[in-house]
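Residue numbers (our numbering): -4 to 325.
All residues carry an ideal CB built from backbone N, CA and C; glycine is no exception.
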Ligand SMILES: [Zn+2]
């Protein structure tokens, strides 16, 4: 239900108004950090638009129980299409026999890096057909910034003149990486970072594997995705003996053997440490602040090094060694 979406009242109120009035722009752009509920909201909106219960729709809601609502929940609604890497992988696997499907699907999914023109065209072809259930057609493109140039240009044609009762919802956390011509044709709907207490609440309910939701939320930067990354980073730091003389070597040594994953892990650890340094900065007196300021700018350097072709383990070890004697609390 819309009421399950935490911390996005402004966006939700606007969407509910659209449902009540049964008037929706041809293209919407949901933008904001990862893990604040953009996709969940888009699906909830699709559910409300296609719900069979007129009275629920008049309230700007989905009933949640009719066949249409259930089909959206299961991802099987003929008029609601979620275009993402899984959708693209399934399109690429049309010919694979059933017995090998699951294994092949995982492999194909892993390989996805961009949304391709054929994927957008296939989805768009559906947008041109009449809605199976006679109501709204909703096409959601997740991580829309990952559309390749030709794919984005193809999409542009469809959102310039969308058929009646058709809405495209583009979702992105990187608005700057999107084509200006696409941005200019979408109604923008910003999603705000969540409050720490809201992240904690969501993590406690949805992520039972996170041992300390309150602490993960503190380092989350206002999103559930951020909290999950922080939880992993905190685990790496603690398991590696952060704060002990052997800590820097052990934490760096425990990074994944896969280069891309190691980079992400190191980046997440640095993010946690930067937040901890900021917290310490707000608590300490003027003389110590100068030293912390220096460390913070060093850490910005470490973070940008990890993005380049430098060993993440080496950068992380150096960064951790620079905290020696600071007694930093995480
Ligand atoms: Zn319904």
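Closer than 7 Å to a non-hydrogen atom of ligand 1 - does that hold for the CB of residue i?
i           : result
residue 155 : no
residue 47  : yes
residue 59  : yes
residue 300 : no
residue 41  : no
residue 63  : yes
residue 126 : no
residue 81  : no
residue 66  : no
residue 118 : no
residue 212 : no
residue 206 : no
residue 51  : yes
Nearest to residue i by alpha carbon, out of the options?
i           : options            : result
residue 72  : 313, 128, 85, 239  : 128
residue 162 : 304, 38, 93        : 38
residue 322 : 275, 293, 313, 301 : 275
residue 155 : 143, 182, 138      : 182
residue 313 : 304, 302, 297      : 297
residue 168 : 150, 176, 149, 188 : 188
residue 118 : 105, 107, 133, 104 : 133
residue 252 : 233, 306, 2        : 306
residue 331 : 108, 152, 300, 143 : The displayed coordinates of the chain run from -4 to 325. Any statement about residue 331 would go beyond what the structure contains.
residue 144 : 19, 152, 111       : 111
residue 261 : 301, 99, 121, 230  : 301
residue 2   : 214, 123, 196, 206 : 196
residue 225 : 244, 241, 93, 205  : 205
residue 243 : 30, 227, 319       : 319
residue 135 : 94, 74, 171        : 74
residue 12  : 52, 99, 106, 124   : 52
residue 231 : 248, 215, 221      : 248
Can you round the beta-carbon distance between residue i and residue j to whole angstroms, since I take them to be within the 8 Å contact cut?
i           : j           : result
residue 27  : residue 0   : Contact flag wrong, Cβ pair sits at about 12 Å.
residue 78  : residue 137 : 7 Å
residue 218 : residue 194 : 7 Å
residue 237 : residue 265 : Not really, about 13 Å apart at Cβ, beyond 8 Å.
residue 177 : residue 149 : At roughly 11 Å, the Cβ-Cβ gap does not stay under 8 Å, so residue 177 and residue 149 are not in contact.
residue 44  : residue 130 : 7 Å
residue 10  : residue 40  : 5 Å
residue 91  : residue 101 : Their Cβ separation, rounded to whole angstroms, is 12 Å, which puts residue 91 and residue 101 out of contact at 8 Å.
Taking Cβ positions, are residue i and residue j nearer each other than 8 Å?
i           : j           : result
residue 184 : residue 25  : yes
residue 165 : residue 246 : no
residue 287 : residue 269 : no
residue 263 : residue 325 : no
residue 180 : residue 6   : no
residue 146 : residue 173 : no
residue 250 : residue 211 : no
residue 239 : residue 213 : no
residue 76  : residue 121 : yes
residue 57  : residue 35  : no
residue 326 : residue 55  : Lying before the first or after the last residue shown, residue 326 is absent from the chain, which here runs from -4 to 325.
residue 126 : residue 104 : no
State yes or no: is the beta carbon of residue i nearer than 8 Å to at least one beta carbon in chain B?
i           : result
residue 156 : The structure shown contains no chain B, having only a single protein chain.
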